[in-house]
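Chemist: Mapped onto mature numbering (1 follows the signal peptide of the UniProt record, and there is no 0), the consecutive letters of the sequence shown carry residue numbers -28 to -1, 1 to 50.
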Amino acid sequence: MFKQTKKKTAIILLTLVTLLMTLNIATATTYIGSSQSNKFHYTDCRWAKKINPGNAIYFSSREEAFSYGYVPCKVCKP
Ligand SMILES: [Zn+2]
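#1: Residue range of the beta strand (DSSP E) that S6 falls in?
#2: With distances taken from each beta carbon to the nearest heavy atom of ligand 1, which residues come in below 6 Å, in chain order?
#3: What does A28 pair with, by DSSP beta-bridge criteria?
#4: Reducing DSSP to helix, strand and coil, say where V47 ends up.
#5: Please classify K(-23) as buried or exposed, where buried requires at least 16 other C-beta atoms within 10 Å of its C-beta.
So, in structure tokens, the structure goes:
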């Protein structure tokens, strides 16, 4: 009886983790940088909102931002 409950809990936990991971991928953050600076931000960073849309550069991953010579913003720490 106890063992079964434990197994169920494990399955529920596994499902939750999988769900969270899927959610994470689905909401894969795109990062934003400005052609006027070398910082990149989370798109919801208050500094990101100040970027002129005409100067905005989007990155799909941190690696991509790094490859362009961008550094993480110290406020939103992407
Ligand atoms: Zn930022």
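Ideal Cβ positions, reconstructed from N, Cα and C, are used throughout, including at glycine.
Modeler: In this structure, then:
#1: Unbroken beta strand (DSSP E) run through S6: 3 to 6.
#2: Those residues, listed in chain order, are H13, C17, W19, A20, C45, V47, C48.
#3: Partner(s): S6.
#4: Looking at V47 - three-state DSSP - the assignment turns out to be coil, as it is neither helix nor strand.
#5: Classification of K(-23): exposed, given that the 10 Å Cβ count is below 16.
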